[in-house]
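Note that numbering that gives the first Met the number 0 has the sequence shown beginning at 0, numbered continuously upward.
A short write-up of the structure that comes next.
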Amino acid sequence: MTNEEIVRRERLSSIEKLGVDAYPAGSNRTHMTGDVLGSFDDLLASQNVVIISGRITAMRHIGALSFLRVLDGFANMQVVLRKEDLADAYTFLVDHLDVGDIIEASGSAYLTKTGERSVLASSVAIAAKALQPLPEKWNGLQDVEIRYRHRELDLISNPESKARLTMRSKFIAAMRRFLDDSGYLEVETPMLQPIPGGASARPFVTHHNALDAEFYLRIAPEIYLKRLVIGGMEKVYEIGRCFRNEGIDYSHNPEFTMLELYCAYAKKDEFIDFNEELLRKALIGATGSSIAQIEGIDVNFGTAFPRITFRESILTSCGIDIDTLKTPEDVEAAARSKNLKVDFAGALGFGEYLDALYKKTGRAAITSPTWVFDYPVELKPLARQNPADHSKSACAQLVILGAEIVNLYYYELNNPIDQRARFEAQETLREQGSEEAQFLDEDFLSALEHGMPPTSGVGIGIDRLVAFLTGAPNLKEVIAFPTLKPKVVDHAAIDGE
């Protein structure tokens, strides 16, 4: 414990012994916040009693005057303390206040000699005492590890962090409003599932003691949402957490937020247009504009996005025509012929080899928002075949700056016989060692056998999309508390403190 922390604890003890009231009494007060600075002139003219509550971020004393910078959740405001107004309370406050403390000050609007808008305090109460100092005030909190592990300090020190998380909240709220207004029902599906499904990913496994059974944290809500569609809920969506036991990097976090929605009887082009409108309305609701600046480029969500096929993206970027390839060996040979360094390690099956090639070439070359259509059917075991080419799936993904943001199926697979065959192919891949292949789900197959109407569906990774829209270099910037390696606590050192 540092000397400063010891002093802060002694000050808190003194405050508690004196029994100082945390909140000053009074009535007919206006609670003043940083967001009402525009009405400051009216407050100055009226001289009504106002209150400002918040955290002290800076403090300086000049003789019988003290100037406090108080962060109230909207902006920094200045509170001025004068000994002639506060009498003995002034000395007490100077002796006991520290940067980081949370106070409530009442007084009147006041303009300093330098023209700074302030509150001239007539009373000040200490609402909460900070026992540890804040990060260094001039440079802010720069240590990335501390910023992510102690988000509360990051929010206090870095306004841009709060702005990103605020934008995320408004973006999700705008999505909900648009979907609700469009006749969709928000539902909840299990996070603990006996069989993980809806995506190709490695799941987390847990054990339920009372049932003595293994469960998986869901990797996607897709299977259960489709079962609701089969039951007659023809427009449903869910915004919730999903979990995938995979690597952590700038674009992946083990737990993340997904929007998935399903619509029965939707038409292909209309459904794609609807999802573009969803993104557009959400962006406008969160920022007030349909244009987002991503990596210094103005990206316009107000116009329709280009549409290309999976094959075209690879052919354009590296000259390989995947329609001429039939086996994994063909894919490797084609990559070598173009001197491409593609990592095929761990790839199992023709589809995974094509996916590795695509990520290295076609997807990496895409910058502006672009719909990529017709992925190989092996990569989309829950999508229908493209009616024009059964080797392709009836799906599209929105790619921005080389990352997949939206996963859309304009024709969901509703043939139970075809679905069983695809599940069995996935089972074969799992037996060969694939940790991401999907499980055969008999309950879902049984539901399909009762008939699922023609259905379109989409999945949107909220974290990744918001990271792009806010220009965040890392997914952790837009997740309030990202997954981090636990710190090893030295209990012996704590006990001996």
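Even glycine gets a Cβ: it sits at the ideal position worked out from N, Cα and C.
Under a three-way DSSP split, which group does residue i fall into?
i: V204; result: strand
i: T308; result: strand
i: A395; result: strand
i: T1; result: coil
i: I14; result: helix
i: Y109; result: strand
i: L483; result: coil
i: D373; result: coil
i: K267; result: helix
i: L407; result: strand
i: E185; result: strand
i: D440; result: coil
i: R116; result: strand
i: E233; result: coil
i: T286; result: helix
i: A209; result: coil
Quick one: what's got a C-beta closer than 8 Å to residue i's C-beta in the same chain, skipping five residues either side?
i: I238; result: I171, M174, R175, E185, T256, M257, L258 and I461
i: S26; result: Caution is warranted here: a pLDDT of 39 is assigned to S26, below 50, making its placement in the model unreliable, and no coordinate value can be reported.
i: E448; result: P415
i: T205; result: L191, E213, F214, Y215 and L216
i: I293; result: I399, L400, F467, L468 and G470
i: G182; result: K234
With a Cβ-Cβ cutoff of 8 Å, do residue i and residue j count as a contact?
i: L439; j: F422; result: yes
i: P195; j: I218; result: yes
i: V118; j: I51; result: yes
i: S250; j: A402; result: yes
i: L277; j: F372; result: no
i: F290; j: L356; result: Note that residue 290 corresponds to Ile in the displayed sequence, not to Phe. For I290 and L356, no; Cβs fall outside 8 Å.
i: T360; j: S390; result: no
i: L11; j: L130; result: yes
i: A120; j: L70; result: no
i: N252; j: L474; result: yes
i: L428; j: A420; result: no
i: F443; j: I222; result: yes
i: A104; j: V143; result: no
i: Y352; j: V330; result: yes
i: L407; j: N299; result: no
i: A108; j: K82; result: no
i: Q431; j: L347; result: yes
Rounded to whole angstroms, what's the CA-CA distance from residue i to residue j? Just pull it up for me.
i: I478; j: K169; result: 14 Å
i: A395; j: G301; result: 19 Å
i: I55; j: L154; result: 14 Å
i: T29; j: T90; result: Because the pLDDT at T29 is just 49, under 50, the model does not fix this residue reliably, and the value given afterwards should be weighed accordingly. Using only the alpha carbons, I get a separation of about 27 Å.
i: Y147; j: G99; result: 20 Å
i: V398; j: I404; result: 6 Å
i: K337; j: I319; result: 8 Å
i: L324; j: A332; result: 10 Å
i: G197; j: G106; result: 58 Å
i: S65; j: E115; result: 14 Å
i: K7; j: D97; result: Position check: residue 7 holds Arg in this sequence, whereas Lys was assumed. Those two C-alpha atoms are separated by around 8 Å.
i: R310; j: R243; result: 28 Å
i: E411; j: G458; result: 12 Å
i: D268; j: D40; result: 54 Å
i: I247; j: H149; result: 19 Å
i: M166; j: F304; result: 23 Å
i: M0; j: P134; result: 16 Å
i: P472; j: N2; result: 38 Å
i: D179; j: G284; result: 14 Å
i: S160; j: L282; result: 18 Å
i: L164; j: V48; result: 33 Å
Considering just the uninterrupted stretch of the beta strand (DSSP E) at residue i, what are its terminal residues?
i: Q292; result: I290 to I293
i: R59; result: V49 to I61
i: F91; result: Taken as a continuous stretch (DSSP letters only), F91 belongs to no beta strand (DSSP E), being part of the alpha helix (DSSP H) at D87 to H95.
i: D297; result: I296 to N299
i: A212; result: A212 to L216
i: V465; result: Unbroken run through V465 is the alpha helix (DSSP H), I461 to L468; no beta strand (DSSP E).
i: L378; result: Element bounds for L378: n/a, residue is neither H nor E.
i: V78; result: N75 to R81
Let me check you understand the geometry: is the CB of residue i closer than 7 Å to at least one non-hydrogen atom of the ligand GTP?
i: I416; result: For the structure depicted, the ligand GTP is absent and the ligand set is empty, with no information on it obtainable.
Output needed for residue i: all residues of its chain with C-beta closer than 6 Å, excluding positions within five of it in sequence on either side, in chain order.
i: A127; result: I101
i: E187; result: none
i: Y261; result: L224, V228, V235, T454 and G456
i: M58; result: L67 and V98
i: N385; result: D373, K391 and A393
Taking the continuous alpha helix (DSSP H) assigned at residue i, which residues delimit it?
i: G348; result: G348 to K359
i: L152; result: R150 to S156
i: L474; result: Looking at the DSSP string, L474 is not in any alpha helix (DSSP H), and its letter there is neither H nor E.
i: Q418; result: P415 to E430
By Cβ distance below 7 Å, which residues in the same chain neighbour residue i in space, the five residues on each side in sequence not counted?
i: T366; result: L400
i: L483; result: Y147 and R148
i: F203; result: Y215, L216, F242 and N244
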